[in-house]
Structure formats: C-alpha cells, structure tokens
Amino acid sequence: MYSSHFNFKAHRMTNPATAKILLPTLLTLVTIGALPVTDTPLNSRLLLNPSQLPKVEVIHEWVSLDYDWRFSWVKDYYTERGWFDAKQNLLSSIDIYNGDIYVTVIRLSIAVPSGLNKVVTVQGKSVLQPFPSFGRNEIGICSNLQFPFASFTDPNTGCMYVVDVGRIGRNPNAQAPCPPKLVVLDLNNKGAILRSHSFPEAVVPRHTNMVNDLVLDYVTVNSTEVKYVYITDTGNAQIIVFDVQTNQTWAFRDVSMKTDADRVFTINGVNYTMDVPVDGIAIDREYNFVYYSAVGSRKFYQIPTSVLRNNSGDFARDLRLVGNKVSNSDGMASGKTNIYYGAGGLNALFRWHITKDMETQGSTESKVTMATQSLLAQDDNLFRWVDSMKLDTNGYLWFVSNRAPEYLNGNMDFTGVKGANFRICRVFVDDLPYLLNS
Numbered sequence: 034m035y036s037s038h039f040n041f042k043a044h045r046m047t048n049p050a051t052a053k054i055l056l057p058t059l060l061t062l063v064t065i066g067a068l069p070v071t072d073t074p075l076n077s078r079l080l081l082n083p084s085q086l087p088k089v090e091v092i093h094e095w096v097s098l099d100y101d102w103r104f105s106w107v108k109d110y111y112t113e114r115g116w117f118d119a120k121q122n123l124l125s126s127i128d129i130y131n132g133d134i135y136v137t138v139i140r141l142s143i144a145v146p147s148g149l150n151k152v153v154t155v156q157g158k159s160v161l162q163p164f165p166s167f168g169r170n171e172i173g174i175c176s177n178l179q180f181p182f183a184s185f186t187d188p189n190t191g192c193m194y195v196v197d198v199g200r201i202g203r204n205p206n207a208q209a210p211c212p213p214k215l216v217v218l219d220l221n222n223k224g225a226i227l228r229s230h231s232f233p234e235a236v237v238p239r240h241t242n243m244v245n246d247l248v249l250d251y252v253t254v255n256s257t258e259v260k261y262v263y264i265t266d267t268g269n270a271q272i273i274v275f276d277v278q279t280n281q282t283w284a285f286r287d288v289s290m291k292t293d294a295d296r297v298f299t300i301n302g303v304n305y306t307m308d309v310p311v312d313g314i315a316i317d318r319e320y321n322f323v324y325y326s327a328v329g330s331r332k333f334y335q336i337p338t339s340v341l342r343n344n345s346g347d348f349a350r351d352l353r354l355v356g357n358k359v360s361n362s363d364g365m366a367s368g369k370t371n372i373y374y375g376a377g378g379l380n381a382l383f384r385w386h387i388t389k390d391m392e393t394q395g396s397t398e399s400k401v402t403m404a405t406q407s408l409l410a411q412d413d414n415l416f417r418w419v420d421s422m423k424l425d426t427n428g429y430l431w432f433v434s435n436r437a438p439e440y441l442n443g444n445m446d447f448t449g450v451k452g453a454n455f456r457i458c459r460v461f462v463d464d465l466p467y468l469l470n471s
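Residue numbers for the sequence shown, in the working numbering: 34 to 471.
Here is the structure:
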C-alpha cells in the first residue's frame, strides 16, 4: 500500500464514539449482507461474539525484525555502514509453499538488508533468512532483487513470481538505476532464477511505479501453465498485464483505480487519510474475472479477464462495481469458494462468500453482488492493519499484520511496551488456493 502518491495523514479523534466505522450491529450474527454504512460506537468488540469465530494462531511475531546473520560481526558490519536499522524494516507481503513462509520487507531505505526472505527459527528466535541469499538482494546490481514488493507462488509448480519496484524508497524522485521487473524463482531448486523480465519504461516508469500485488492466470482450469500475470501499480494507479508467452506488457487505467471520499477512515480512534490507489487484487477460480480495490476506497470492482488479455480491450465498458467492503483494505486472497481481505478500520479479517452469493442470488459471476461478508478474526491489538494474505494447500489462510499506518506516520513503538508490531498468523477457513489443481 506504499504508493509513490502516498498521502498519509493522521489525527486523534476528539470524540471516538462518533467516529464513522463500517460495521453494522448485525455483526453480532457474524455474517452480514449488503448493508448500508451506519454510525456505530467505535468499540466494535461489543458487537462481536468471539465464540463464533475460528481460532487464529499467531505463528511468528516481532517487536522489530531481525535477520539470520550467521555471524554477529556481519550484523555489526551492516549496521555500522547504515545497511541495517531495525526501525526502517517493515514486514509486508507473505507467501506460502510446502510449509515454508516467505515474506517481503519493503525497501523504503538502504537500511533494509534483504527485501525477500524466508522465515526461519534460529536458537528459538524467529528471524528472516535472505532469499535466495544476501547476495541476490544486494542493492545497485539490477539483476538482483532491489525492492521486491510481493510474491505469488504457483502451488502446482513451486514457481515464485516476484514483482520488483526496481528502486529504493517510495519517493518518485529517488534514484532509480534499475527498471521494475518480474522475476520467477524456482522454490524446488533453492530459488534459482528461471526468468527475469524488465518492464518497458513507457508502461511501467521506473521513477513512479510501485508494483504492489499480483495474481496468476492459467486461462483454463485444466491448464498447468501461467499465461498472464496481473499486477497492481499503486504508484501510477493502474493494472499491468504481462503476457508470459509473448513477453509483452500493457496496462489499463481507470478512475475506479483511484481513491474516493472513503480514503478518510478511523483506526482505534485515529482518523487517517490514505490516498493510496489500486492495491489488492484477486481472481476467480475459473480465471474469468479479476477483482480489485484501492486502499483509499471501499468499492470492490470486477473486470473480465477477456478484457485484460486484450491490450486494446474496452476496460470502461466491461467494468462492474460489485459492492462495498465493510472497511478499507490492503491485500486480498482468492480461494476456490471465497475472496478474503483485511478490514483496516476494524482491525479485522473478512471473507466474501462469492459462491454462496451466486447460489442465493441465482446469478452468474458476471452479475453477482457482494452481499455476504463474514468476519473471520478481529482484535484491536493483534490485527492492527492486516496487510497481505495467502491460502495454503491445507485449508489455512495465512496473513500479516504490521501496524503500517503507525509506521508510515512515524508513530511505531519499537520499545515493546505495546507488544509486537509484526505478526504472521493463520486461521483455518477450509478453502484452497484458486490456482491449485486438485
């Protein structure tokens, strides 16, 4: 969500009880429908019945991030040269494959030693192991990972697709010696590079892009090969399309990818302005539709993949507003039966029962509306800004919470007084990755 256009402001509400939040009182029943926005007390805990919610497990947590340095002198070396400062490291995206957890740390400064990492335990401590290595994350060598924002691993092949901003920092005036790119790593072969494609400057400018999230498209259900990659670019408020077979890249821009009045919302009594465009992206299990939303909006849109696959497709004609999420969100995840998202203003995790709504409404996916959204988890401390999420092949949804609004506003507490800042959690949802061939 860290756009080069990022306009981030926050102020304490003088009367939190009057804050507008998007959680109707029917949440006492857990499942909600297409309900209007209402004014309710800020303390949403009073509206929940915890016994009805699935158990959430905290798998890893940190007050501040640390790495698998192997030797203490390596950490000292990086620290002395300004290549590591724990307060500059913000956990962001998550990926899961064969029981291993991979994460990105956004490179807002050179004090982030590694952008892509594997979570490991060393002497009982959770640390980040640079992946594939420290060397492959070295800044200034364009063939290396510079600012890997997010990854998506094909569960059928172990191929990890990584989007790389190419420069350090979110400022469009930052030095950008390297172009943004898509890198494919083989997780079954120690992260060997299978492919690296630099995006053309005319489509994905190196100084302004913030390639943010991605989904993979097989085109047909019985296929075993990725044909297209769809990538959100918050820096330029666009959706990028990469044709894997032809190496061609194009992009679509539309007003729906920008923010609206809902960019101002409340988190724990603090009013935030998040002028962050299109970010989260999802795709259905039959590869017919892509869904997306801006962080600075609650609106949830649908576009046919047939339009995206055509570089001259009529985007505006075929775009459809599906409905409103209960709150602003960052990342999303696509399952076989549901689409999952974080509810930023509620410190919560939700799912849209898309298949259930299609059955209830007696409609096809091209006409379904976002009616049934159910709460999966809510905690004002544990889930402060649910950022990224992925489904594994065992029915669990994994997600990262990282207090990003506090971090980006300079209010992150690294003393430990407020507890952990970064968490990796999982919750059983009995769903599978949309891409998984069963």
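Ideal Cβ placement from N, Cα and C applies to all residues, glycine included.
Check	Outcome
With distance defined between alpha-carbon atoms, name the residue in A284, E398, V359, L382 nearest to G346.	A284
Using only the heavy atoms of the ligand COA, determine whether one of them is closer than 7 Å to the beta carbon of A437.	Inclusion of the ligand COA in the displayed structure is not the case, the ligand content being empty and no account of it being possible.
What does the alpha-carbon distance come out to for the pair L341 and F348?	8 Å
CB-CB under 7 Å to N76, same chain, minus the five flanking residues each way: which ones, in chain order?	Bear in mind that a pLDDT of 32 at N76, under 50, signals an unreliable position, so the number given afterwards is only what the model happens to contain. Within the same chain, N76 has no close Cβ partners at all.
From what residue to what residue does the beta strand (DSSP E) around Y305 run?	303-307
Please list, in chain order, all residues of the same chain as Q335 whose beta carbon is under 6 Å from its beta carbon, the five residues on each side excluded.	F322, Y324, R353, V355
Grouping DSSP H, G and I as helix and E and B as strand, with all else coil, what is F164?	coil
I need the DSSP call for K151, collapsed to helix, strand or coil.	strand
Which whole-angstrom value describes the C-beta separation of I143 and K423, a residue pair presumed to lie in contact below a C-beta threshold of 8 Å?	With a Cβ gap of about 28 Å, I143 and K423 do not count as contacting.
Tell me the residue span of the beta strand (DSSP E) that contains Q335.	332-337
Have a look at I174 and S360 and give me their C-alpha separation to the nearest angstrom.	40 Å
Three-state secondary structure (DSSP) at R514?	An answer regarding residue 514 cannot be provided, because it is not within the stretch 34 to 471 covered by the chain.
Out of V254, L218, G268, point me to the one whose CA is closest to R239's CA.	G268
Which ranges does the beta strand (DSSP E) cover as unbroken runs of at least 3 residues, wholly within the stretch 217-249, from first to last along the chain?	225-231
Do S147 and P163 have their C-beta atoms within less than 8 Å of each other?	yes
Do Q411 and A381 have their CB atoms nearer than 8 Å?	yes
With distances taken Cα to Cα, identify the nearest neighbour of L465 among Y130, C211, S125.	Y130
Does DSSP classify M445 as helix, strand or coil?	coil
The beta strand (DSSP E) spanning E94 covers which residue range?	89-95
Tell whether a beta-carbon distance below 8 Å holds between M290 and Q278.	no
What residue range is occupied by the uninterrupted alpha helix (DSSP H) comprising F348?	348-351
Could you tell me which of W102, F333, W116 sits nearest to V14, measuring between CA atoms?	Because the chain here runs from 34 to 471, residue 14 falls outside it and cannot be looked at.
According to DSSP, V450 sits in a beta bridge with which residue or residues?	DSSP lists no partner for V450.
Which residue's Cα is closest to the Cα of F418: V274, I273, R331, S362?	Reading the sequence as shown, one finds Trp at residue 418 and not Phe. With distances taken between Cα atoms, W418 lies closest to S362.
Going by the beta-carbon positions, is the gap between D413 and N245 smaller than 8 Å?	no
Using DSSP with H/G/I as helix, E/B as strand and the rest coil, what is M193?	strand
Could you tell me whether the stretch 218-229 touches the stretch 188-197, using the rule of 3 or more Cβ pairs below 8 Å?	yes
Where Y251 and K260 are concerned, what is the direct C-alpha to C-alpha distance, given to the nearest angstrom?	5 Å
Where does Q278 fall in DSSP's three states?	coil
Where do the N-terminal and C-terminal ends of the beta strand (DSSP E) with T186 fall, by residue?	181-186
Does DSSP put D128 in a helix, in a strand, or in coil?	strand
Could you check the C-alpha separation between L215 and N177 for me, to the nearest Å?	11 Å
Three or more C-beta pairs closer than 8 Å, one from the stretch 178-190 and one from the stretch 134-142: is that the case here?	yes
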